[in-house]
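Peer 1:
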Amino acid sequence: MQRHAETASPGVVQPDPADVARWLAGRQWPVHPLAPGRKTPAANCELCRTRSHAPAQCPCHVQGLWCHGFHSATTDPGLIHSWWTKEPHAGVGVSCGPAHLIVLDVDSHAAHVPDRKRLLPGISIPDAVNLDGLASGFDTLALLAAYRQQPNPAEDNTTLRVRTPSGGLHIWYLNPEPHIRYRSSTGSSPRTALAWQVDVRAHGGYIVAPATRTPAGVYTPVGSVREPALLPVWLAVELTRTGHVIQLAPSPQPRPRPSAGPRRQGSGAQALLQPLIETVRECAAQAEGTSFTEKLNRAAYTAGGLVGAGYLNQTEARQKLAEAAHYARPHQTHRSETIIEAALSAGASRPFHPKGLA
Ligand SMILES: [Zn+2]
Ligand SMILES: [Zn+2]
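Residue numbering for the sequence shown follows my numbering, beginning at 731 and increasing consecutively.
(1) May I ask you to report which of helix, strand or coil DSSP gives Pro818?
(2) Give a single yes or no on whether His762 has its beta carbon closer than 7 Å to a heavy atom of ligand 2.
(3) Considering only heavy atoms of ligand 1, does any lie closer than 7 Å to the CB of Cys775?
(4) My understanding is that Ala959 touches Leu754, with C-beta atoms under 8 Å, so please give their C-beta distance in whole angstroms.
(5) May I ask whether a heavy atom of ligand 1 can be found less than 7 Å away from the beta carbon of Cys797?
(6) Please name the residue, chosen from Arg878, Leu904, Gly897, Gln880, that lies closest to Thr889 on a Cα-to-Cα basis.
(7) Where does the unbroken beta strand (DSSP E) through Tyr903 begin, and where does it stop?
(8) Tell me the rounded alpha-carbon separation between Leu672 and Glu907.
(9) Using the rule of at least 16 other Cβ atoms within 10 Å of the residue's Cβ for burial, across every protein chain shown, is Ala841 buried or exposed?
(10) By the three-class DSSP mapping on this structure, what secondary structure does Pro828 have?
(11) Note down, one range per segment and in chain order, each alpha helix (DSSP H) of at least 4 residues found wholly within the stretch 996-1020.
(12) With a 10 Å radius around its C-beta and 16 neighbouring C-beta atoms as the bar for buried, classify Val833 as buried or exposed.
(13) Count the other CB atoms, across all protein chains shown, that sit within 10 Å of the CB of Arg891; report buried if there are 16 or more and exposed otherwise.
(14) List the whole-angstrom C-beta distance separating Ile855 from Pro883, where the pair is believed to meet the contact cut-off of C-beta under 8 Å.
(15) Taking C-beta to C-beta, are Trp926 and Leu849 nearer than 8 Å?
(16) Is Cys826 near ligand 2, going by C-beta to nearest heavy atom under 7 Å?
(17) Taking contact to mean at least 3 C-beta pairs separated by less than 8 Å, is the stretch 1010-1023 in contact with the stretch 868-876?
(18) Extract the residue ranges of the beta strand (DSSP E) inside the stretch 904-960, only unbroken runs of 3 or more that lie entirely within it.
(19) Taking DSSP as the reference, what is the three-state secondary structure of Val975?
(20) For the alpha helix (DSSP H) holding His783, just list the boundary residues, first then last.
(21) Tell me which same chain residues have a C-beta within less than 8 Å of the C-beta of Pro895, skipping the five on either side of it?
(22) In three-state DSSP terms, what is Leu764?
(23) To the nearest angstrom, how far is the alpha carbon of Glu1018 from that of Arg1059?
(24) Between Cys788 and ligand 1, is there a pair consisting of the residue's CB and a ligand heavy atom that are separated by less than 7 Å?
(25) Less than 6 Å between C-beta atoms, sequence neighbours within five positions excluded: which residues of the same chain meet that for Arg987?
(26) Return yes when the C-beta of Cys778 is under 7 Å from any heavy atom of ligand 2, and no when it is not.
(27) Assuming Ala1030 contacts Leu1074 (C-beta within less than 8 Å), just tell me the rounded distance between them.
(28) Out of Arg956, Ser1021, Ser915, Ser919, which has the shortest C-alpha to C-alpha gap to Val975?
(29) Spell out a yes or no on whether the stretch 776-790 and the stretch 743-751 are touching, meaning 3 or more CB-CB pairs, one atom from each, closer than 8 Å.
(30) Could you check whether the Cβ of His783 sits closer than 7 Å to any heavy atom belonging to ligand 2?
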């Protein structure tokens, strides 16, 4: 983004939406037009407004129309040129899923604060914790980070953050493991949510691009960072815990294995690791005296060996370990992650080839 997007005051030249769209598409992030002056997608064509059909079945996309919001998103320069020539004031939406983006959308709307059970789904906040003054997604996100002893993402100055006209904040991250797909959610959802007033924009969602203007103001990047950082491991663990991972159906036919390709990663190695991970989870039954550290160490070291030998995916292994560790010892997340990292890398330097897995 151009620097001048930062100081949005009347009379300051904003970047042209078409330029913003091209800049984003150049990063292979598919874009679609928003209704001019709004944060919602540009309207469908007449046919799509009146006839109900699944976006995937829409005949308009092959004709180069922008129907169905993010379902039409594209990186095609010709299409982008034609869309923003037709509607030069259209803001820009980015389809998060195919862009491998995960954006935390923090709201600061004045709203009725729900029961403390609903603030951080899956986490019971003890009555002793004083929640006076808690009013927005900024507060619940800070609470989650504090609970996990991690830095507050709203203050993460290593990644692209965008201030919204309503005082909210978009915190942009890149998914380091795109084969793990995360679903979008709203913070008030009773089913899947990360924190009250914090929406997750990922698969099945879009995010308003920086520099987009509405009558309320401009979506303005904070500070000087203009690129998303990789999603922190602890947030990946939290998204997994709160049900954001989309379970992909197993492909009906196994793909032919390339002769010189990587080893088939999967069930054999998982079966070896799983009992060790269970010993970590079982430590939850008692607060101490369970040799938690040794068990975590052993599981992570074994996982590292299997990763080093190509039987396991490192990110998935790390996530499983971190999840089990959180479950058993929720108050020492940071310490557990340090143990996991050290043991994973020690294990990876000594690849482990168990019999029967070759
Ligand atoms: Zn249409
Ligand atoms: Zn349609």
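C-beta atoms are modelled at their ideal positions from N, C-alpha and C, and glycine is treated no differently.
Peer 2: Taking the structure as given:
(1) coil
(2) False, no ligand heavy atom lies under 7 Å from that Cβ.
(3) yes
(4) So it is not a contact: roughly 17 Å between Cβ atoms.
(5) yes
(6) Leu904
(7) 899-904
(8) The structure shown has nothing for residue 672, since the chain only spans 731 to 1088.
(9) Counting the other Cβ atoms within 10 Å of the Cβ of Ala841 gives fewer than 16, which makes it exposed.
(10) coil
(11) 997-1011
(12) Label assigned to Val833: buried.
(13) buried
(14) Actually they are not in contact, since the Cβ atoms of Ile855 and Pro883 sit about 19 Å apart, beyond 8 Å.
(15) yes
(16) no
(17) No, the stretch 1010-1023 is not in contact with the stretch 868-876.
(18) The beta strand (DSSP E) runs lying completely inside the stretch 904-960 and spanning 3 residues or more are 928-931, 936-938, given in chain order.
(19) Correct three-state label for Val975: strand.
(20) Taken as a continuous stretch (DSSP letters only), His783 belongs to no alpha helix (DSSP H), as it is neither H nor E.
(21) Thr944, Ala946, Gly947, Val948, Tyr949
(22) strand
(23) 9 Å
(24) Flag set: Cβ of Cys788 near ligand 1.
(25) Note that Arg987 has pLDDT 44, beneath the 50 cutoff, so the model's placement of it is unreliable and the number below is only indicative. Nothing listed; no residue qualifies.
(26) yes
(27) 5 Å
(28) Of the candidates Arg956, Ser1021, Ser915, Ser919, the residue whose Cα lies closest to the Cα of Val975 is Ser915.
(29) Short answer: they don't touch.
(30) yes
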